[in-house]
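Novice: Take the sequence shown: its letter number 84 is residue 84 in the working numbering, and every next letter is one higher.
All residues carry an ideal CB built from backbone N, CA and C; glycine is no exception.
So that we are looking at the same thing, I have put the structure below in structure tokens.
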Amino acid sequence: FSQPHSRGSSHGETRVIRSAYPEPFFCEMMPHAVRMWSELELETETKLMETTGILVIVKTPSETKIHQSVIDNMKKFCPESLDTTDPRSETLFSRLLKYDKLSGVLMDNSGGFLRAHRAVLTIQTSQIFNRY
């Protein structure tokens with residue numbers, strides 16, 4: 001499809017990017033993907049990513065096993081992005097998020113968003129497109 005389009009799940013301006021996944025494959029892939037997006041940004045002098053950090057909240061004990069998988073995967077594949085002791089999560093969001101009790105909180109410091117529409121256009125018009 002020519003850009004922009006509204007067909008399928010691949011339309012729209014942005015996509016959330018994160019390393020906090022319970023599946024090892026995705027967590028392992030993300031440092032490489034972020035590096036590649038960064039290289040494309042440098043090569044094309046185009047801002048594609050915004051790293052804002054992502055707060056992951058576990059609201060119920062039933063989600064604790066998944067939360068632990070996320071922590072284990074991040075410790076293995078991208079420990080520099082994991083912050084389980086960040087006191088900001090309790091204070092920064094305490095007025096905005098009202099939960100009686102949380103079962104877990106972590107900050108994924110690599111999280112943010114990718115300007116997907118701009119990324120597609122950048123790839124289509126860059127020399128990198130011809131390499132693959």
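#1: Going by alpha carbons, who is nearest to S110 out of E39, I123, I54, E45?
#2: What are the complete beta strand (DSSP E) segments, minimum 3 residues, inside the region 44-127?
#3: With C-beta atoms as the reference, is S103 less than 9 Å away from P61?
#4: What would DSSP say about R18, mapped onto helix, strand or coil?
#5: Can you tell me whether A33 is buried or exposed? The criterion is at least 16 other CB atoms within 10 Å of its CB, across all chains shown.
Specialist: Straight from the coordinates:
#1: Of E39, I123, I54, E45, the residue nearest in Cα terms is I54.
#2: Entirely contained in the region 44-127, the beta strand (DSSP E) runs reaching 3 residues are, in chain order, 49-51, 54-58, 104-108, 112-114.
#3: With a cutoff of 9 Å on beta-carbon distance, S103 and P61 are scored as near each other.
#4: Taken through DSSP and simplified to helix, strand or coil, R18 comes out as coil.
#5: A33 counts as exposed, since fewer than 16 other C-beta atoms from the protein chains shown sit within 10 angstroms of its C-beta.
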